[in-house]
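*Asks:*
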Amino acid sequence: VEPSSELMQALRNTKEVVVEYIREIILELPRMRTIQLPEKMPSLVLAYDLYEDLSRADEIESRNKIPYPAFVPSGKDLKVLSE
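Under the working numbering, the letters of the sequence shown match residues 148 to 230, in that order.
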């Protein structure tokens, strides 16, 4: 049994709306960026400098596998979110 042309058109319209919605969401997501610190600093200081949010220190530590949060290394590429 073939689906009706009305059903097929409704499915195409739904697909277009969903694709557009996903594109809008993707544009709003924060981007990953790479930074290097000029000197060692605690992850709490880095989190505050980047985001003004101390709770983001754990995110920085886990993403960059920092073993000693009091000493985030300088001169090493660190992955952080843009916001």
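Note that the Cβ used here is the ideal one computed from N, Cα and C, for glycine as well.
What residues match up with L188 in a beta bridge as DSSP calls it?
*Replies:* In the sequence shown, residue 188 corresponds to position 41, counting from 1. Looking at the sequence shown, residue 188 is not Leu but Met. Partner(s): V219.
*Asks:* Secondary structure at R178, three-state DSSP: helix, strand or coil?
*Replies:* To locate residue 178, count along the sequence shown from 1; it is residue 31. Here R178 sits in coil by DSSP.
*Asks:* To the nearest angstrom, report how far apart Q183 and I173 are at their CA atoms.
*Replies:* Translated into the one-based positions of the sequence shown, residue 183 becomes position 36. Translated into the one-based positions of the sequence shown, residue 173 becomes position 26. Each residue's alpha carbon lies about 26 Å from the other.
*Asks:* Is the shortest distance between the beta-carbon of P216 and the beta-carbons of chain B less than 7 Å?
*Replies:* Included in the structure is just one protein chain, with no chain B present.
*Asks:* Please classify I169 as buried or exposed, where buried requires at least 16 other C-beta atoms within 10 Å of its C-beta.
*Replies:* Along the sequence shown, one-based indexing puts residue 169 at 22. I169 comes out exposed.
*Asks:* In the DSSP assignment, find the unbroken beta strand (DSSP E) run with V227 in it and report its ends.
*Replies:* Working through the sequence shown from its first residue, we reach residue 227 at position 80. Counting along the chain, the beta strand (DSSP E) containing V227 begins and ends at 225–228.
*Asks:* Using the Cα positions of K226 and S152, report the straight-line distance between them to the nearest angstrom.
*Replies:* As a first step, residue 226 is located in the sequence shown; it is residue number 79 there, counting from the start. As a first step, residue 152 is located in the sequence shown; it is residue number 5 there, counting from the start. The alpha-carbon atoms of K226 and S152 are separated by roughly 49 Å.
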